[in-house]
Amino acid sequence: MNIILIRNSQANQANIHLSRVKLLALGALFMVLGPLALVYAGFQWGQLHGEVPPAEMQARWDSEAVRYRQDLAEAKQQAQHSLSALAMRLGQLQGHIIRLDALGQRLTDEAGLDKGEFDFENPPAQGGPSESDWRQQIGVMDFLTSLESLERQLKDRDHQMGALSSLLMNRNVYNEVVPSGRPIISGWISSYFGIRADPFTGQKEMHQGVDFAGKEGSDVLALGSGIVTWADKRFGYGNLVEINHGDGYTTRYGHNKEILVKVGQTIKKDERIALMGSSGRSTGPHVHLEVWHNGRAVDPMRYIASR
Numbered sequence: 001m002n003i004i005l006i007r008n009s010q011a012n013q014a015n016i017h018l019s020r021v022k023l024l025a026l027g028a029l030f031m032v033l034g035p036l037a038l039v040y041a042g043f044q045w046g047q048l049h050g051e052v053p054p055a056e057m058q059a060r061w062d063s064e065a066v067r068y069r070q071d072l073a074e075a076k077q078q079a080q081h082s083l084s085a086l087a088m089r090l091g092q093l094q095g096h097i098i099r100l101d102a103l104g105q106r107l108t109d110e111a112g113l114d115k116g117e118f119d120f121e122n123p124p125a126q127g128g129p130s131e132s133d134w135r136q137q138i139g140v141m142d143f144l145t146s147l148e149s150l151e152r153q154l155k156d157r158d159h160q161m162g163a164l165s166s167l168l169m170n171r172n173v174y175n176e177v178v179p180s181g182r183p184i185i186s187g188w189i190s191s192y193f194g195i196r197a198d199p200f201t202g203q204k205e206m207h208q209g210v211d212f213a214g215k216e217g218s219d220v221l222a223l224g225s226g227i228v229t230w231a232d233k234r235f236g237y238g239n240l241v242e243i244n245h246g247d248g249y250t251t252r253y254g255h256n257k258e259i260l261v262k263v264g265q266t267i268k269k270d271e272r273i274a275l276m277g278s279s280g281r282s283t284g285p286h287v288h289l290e291v292w293h294n295g296r297a298v299d300p301m302r303y304i305a306s307r
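The opening position of the sequence shown corresponds to residue 1 in the working numbering, with each subsequent residue numbered one higher.
Structural data, given as structure tokens:
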């Protein structure tokens, strides 16, 4: 094989003669060096374009996998701690429900209410974590189930306690407003409601109240909470105190020695409103008590006996 080399700057040319053996040796050399050159060129190209050799890539993946496993383990541990804390709180809330049930049951018993309407005897859902449970793995579904059960318990107890509170409040308001009891601490009834002989004329007349006799200057008490609508002299009553209790109820306290309240003043049940006397049309120290309901005088004994 002949190879002819020609120089541009000169007209001379050179002939190179390759024998068959040299040609085979040169081909073998190219076969060995060619792949190596390609590998080297690929490595240099990868470095320039950001690619990583497989061995280094594997090492990087192994390192990332180790870090991800560590992060996952930490996340699981944190979640476990959070569930344990929530489970402890769940147990505390269940304890609150038990105490709430005990309170509701006691209020129901003391108020004499129908137990069928207010059921505080059924035990709340159990399953709160014990001390050993906190060190064990807590199932998420079990926790959510207990939480939903607790939510239903709280809603039920809230509804019952709200109804019970409203009922007791109405009962307390009724007890505070509706007249009941006696207008004096000590003394006796000297005249009842109804037809009687008038102490001044002897003729039969309607007596619209009940008279309580006692020691002059002793306290006169309000039979219920309300607002003072009269606190002055009135014909026949002498020094009179009148209280509007609402719901159509009004009480009058006559023949007082001294009035201790003013018109517009808010009065509580059993509060001192006057001192017993004998002012007006009276034969001696006493309190003339009248109870009016919806504009009509009614027998005070119904309210006196209800205390």
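The C-beta atom is built at its ideal place from N, Cα and C for all residues, glycine as well.
**OP:** Rounded to whole angstroms, what's the CA-CA distance from arginine 234 to arginine 252? Just pull it up for me.
**Re:** As a working mapping, residue 234 is identified with position 234 in the sequence shown. As a working mapping, residue 252 is identified with position 252 in the sequence shown. Whole-angstrom Cα-Cα distance: 11 Å.
**OP:** State the Cα-Cα distance for the pair glutamine 203 and leucine 223, rounded to the nearest angstrom.
**Re:** Taking the first residue of the sequence shown as position 1, residue 203 is located at position 203. Taking the first residue of the sequence shown as position 1, residue 223 is located at position 223. Near 31 Å, if we compare the C-alpha coordinates of leucine 223 and glutamine 203.
Original post:
Under three-state DSSP, which class holds glycine 238?
Top reply: Here residue 238 corresponds to residue number 238 of the sequence shown, with the count starting at 1. Residue state, collapsed to three classes: strand.
Subject >> Residues that DSSP places opposite methionine 206 in a beta bridge >> reply: To locate residue 206, count along the sequence shown from 1; it is residue 206. By DSSP's assignment, methionine 206 forms a beta bridge with Ile195.
Original post:
Taking C-beta to C-beta, are leucine 221 and serine 146 nearer than 8 Å?
Top reply: Position 221 of the sequence shown, counting from 1, holds the residue named residue 221. Position 146 of the sequence shown, counting from 1, holds the residue named residue 146. For leucine 221 and serine 146, no; Cβs fall outside 8 Å.
Original post:
Should histidine 286 go down as buried or exposed, given a rule of 16 or more other Cβ atoms within 10 Å for buried?
Top reply: What you label residue 286 is simply residue 286 of the sequence shown in a count that begins at 1. Buried, because 16 or more other Cβ atoms sit within 10 Å of the Cβ of histidine 286.
**OP:** Go to aspartate 302, then tell me how far its alpha helix (DSSP H) extends in each direction, as first and last residue.
**Re:** Locating residue 302 in the sequence shown gives position 302, counting from the first residue. It is arginine, not aspartate, that sits at residue 302 in the sequence shown. Per DSSP, arginine 302 is one residue of the alpha helix (DSSP H) stretching across 301-304.
Original post:
Hey, out of Ala274, Met206, Ser190, whose CA is closest to serine 218's CA?
Top reply: Within the sequence shown, the letter at position 218 stands for residue 218. Among Ala274, Met206, Ser190, the Cα nearest to that of serine 218 belongs to Ala274.
Original post:
What's the gap between the Cα of leucine 154 and the Cα of methionine 88?
Top reply: To locate residue 154, count along the sequence shown from 1; it is residue 154. To locate residue 88, count along the sequence shown from 1; it is residue 88. About 17 Å.
**OP:** Please check the pair glycine 264 and valine 228, which I expect to be a contact at CB under 8 Å, by giving their CB distance rounded to whole angstroms.
**Re:** For the purposes of this step, residue 264 is taken as the residue at position 264 of the sequence shown. For the purposes of this step, residue 228 is taken as the residue at position 228 of the sequence shown. The beta-carbon distance between glycine 264 and valine 228, rounded to whole angstroms, is 6 Å. This is short enough to meet the 8 Å contact definition.
Original post:
If you check the beta carbons only, do proline 179 and tyrosine 249 fall under 8 Å apart?
Top reply: In the sequence shown, counting from the first residue as 1, residue 179 sits at position 179. In the sequence shown, counting from the first residue as 1, residue 249 sits at position 249. Yes, these two residues count as a Cβ contact at 8 Å.
Subject >> Under the three-state DSSP convention, the category serine 218 falls into >> reply: Working through the sequence shown from its first residue, we reach residue 218 at position 218. Looking at serine 218 - three-state DSSP - the assignment turns out to be coil, as it is neither helix nor strand.
Subject >> isoleucine 259 burial status per 10 Å Cβ neighbour count (16 or more: buried) >> reply: Translated into positions along the sequence shown, residue 259 becomes position 259. The residue in question, isoleucine 259, is buried, as its Cβ has 16 or more Cβ neighbours within 10 Å.
**OP:** Let me know if tryptophan 292 comes out buried or exposed under the rule of 16 or more other beta-carbons within 10 Å of its beta-carbon.
**Re:** Locating residue 292 in the sequence shown gives position 292, counting from the first residue. Buried: at least 16 other Cβ atoms inside 10 Å.
Subject >> Burial state of glutamine 206 (16 or more Cβ within 10 Å) >> reply: By one-based count along the sequence shown, residue 206 stands at place 206. Position check: residue 206 holds methionine in this sequence, whereas glutamine was assumed. Exposed is the call here.
Subject >> Nearest residue (CA-CA) to glycine 209, options Asp156, Ser190, Gly246 >> reply: By 1-based counting over the sequence shown, the position of residue 209 is 209. Per the Cα distances, Ser190.
Original post:
Is valine 298 near serine 225, with beta carbons less than 8 Å apart?
Top reply: Locating residue 298 in the sequence shown gives position 298, counting from the first residue. Locating residue 225 in the sequence shown gives position 225, counting from the first residue. Their beta carbons are not under 8 Å apart, which means valine 298 does not touch serine 225 by this criterion.
Original post:
For histidine 293, does the three-state DSSP call read helix, strand or coil?
Top reply: Position 293 of the sequence shown, counting from 1, holds the residue named residue 293. Histidine 293 falls in the strand class under three-state DSSP.
**OP:** For glycine 254, name the three-state secondary structure that DSSP assigns.
**Re:** As a first step, residue 254 must be located in the sequence shown, where it is residue number 254. DSSP places glycine 254 in strand when its eight states are reduced to three.
Original post:
Which residues in the same chain have their Cβ closer than 6 Å to the Cβ of tyrosine 237, if we skip the five residues on either side of it in sequence?
Top reply: The sequence position of residue 237 within the sequence shown is 237, counting from 1. Gly254, Gly280.
Original post:
Taking just the CA atoms, how far does glutamine 94 sit from asparagine 256?
Top reply: As a first step, residue 256 must be located in the sequence shown, where it is residue number 256. As a first step, residue 94 must be located in the sequence shown, where it is residue number 94. Each residue's alpha carbon lies about 58 Å from the other.
Original post:
How would you write the range of the beta strand (DSSP E) that leucine 260 sits in, first residue to last?
Top reply: Residue numbering aside, residue 260 sits at position 260 when the sequence shown is read from its first letter. Note, leucine 260: premise wrong, no beta strand (DSSP E); not H, not E.
Original post:
Straight-line CA distance for tryptophan 188 to alanine 213?
Top reply: To locate residue 188, count along the sequence shown from 1; it is residue 188. To locate residue 213, count along the sequence shown from 1; it is residue 213. Cα to Cα, the separation comes out at about 5 Å.
Original post:
Quick one: Cα of proline 300 to Cα of glutamate 290, how far?
Top reply: On the sequence shown, position 300 is the one that residue 300 refers to. On the sequence shown, position 290 is the one that residue 290 refers to. Their backbone Cα atoms lie some 6 Å apart in a straight line.
**OP:** Pick helix, strand or coil for aspartate 270, following the three-state DSSP scheme.
**Re:** As a first step, residue 270 is located in the sequence shown; it is residue number 270 there, counting from the start. Coil, per DSSP.
**OP:** Would you tell me roughly how many angstroms separate the C-alpha atoms of glutamine 137 and lysine 268, rounded to the nearest one?
**Re:** Indexing the sequence shown from 1 puts residue 137 at position 137. Indexing the sequence shown from 1 puts residue 268 at position 268. No answer about glutamine 137 holds up, because its pLDDT of 48 lies below 50 and its placement is not dependable.
**OP:** Could you please give me the residues that DSSP links to methionine 276 through a beta bridge?
**Re:** Here the question's residue 276 lines up with position 276 in the sequence shown. DSSP, once it has assigned bridges, lists Asn256 as partnering methionine 276.
Subject >> Strand pairing of valine 178, partner residues [DSSP] >> reply: Position 178 of the sequence shown, counted from the first residue, corresponds to residue 178. BP columns for valine 178 are empty, so no partner.
**OP:** Determine which residues share a DSSP beta bridge with glycine 246 and list them.
**Re:** Reading the sequence shown from its first residue, position 246 is the one you call residue 246. Paired residues: Tyr249.
Original post:
Apart from the five residues on each side of it in sequence, which residues of its chain come closer than 6 Å, Cβ to Cβ, to arginine 135?
Top reply: For the purposes of this step, residue 135 is taken as the residue at position 135 of the sequence shown. Only weak support is given to the placement of arginine 135: the predicted model assigns it a pLDDT of 45, under 50, and the question is left unresolved by the model.
Original post:
In angstroms, rounded to a whole number, what distance separates the CA positions of tryptophan 230 and histidine 159?
Top reply: Position 230 of the sequence shown, counted from the first residue, corresponds to residue 230. Position 159 of the sequence shown, counted from the first residue, corresponds to residue 159. A straight line joining the alpha-carbon of tryptophan 230 with that of histidine 159 spans about 43 Å.
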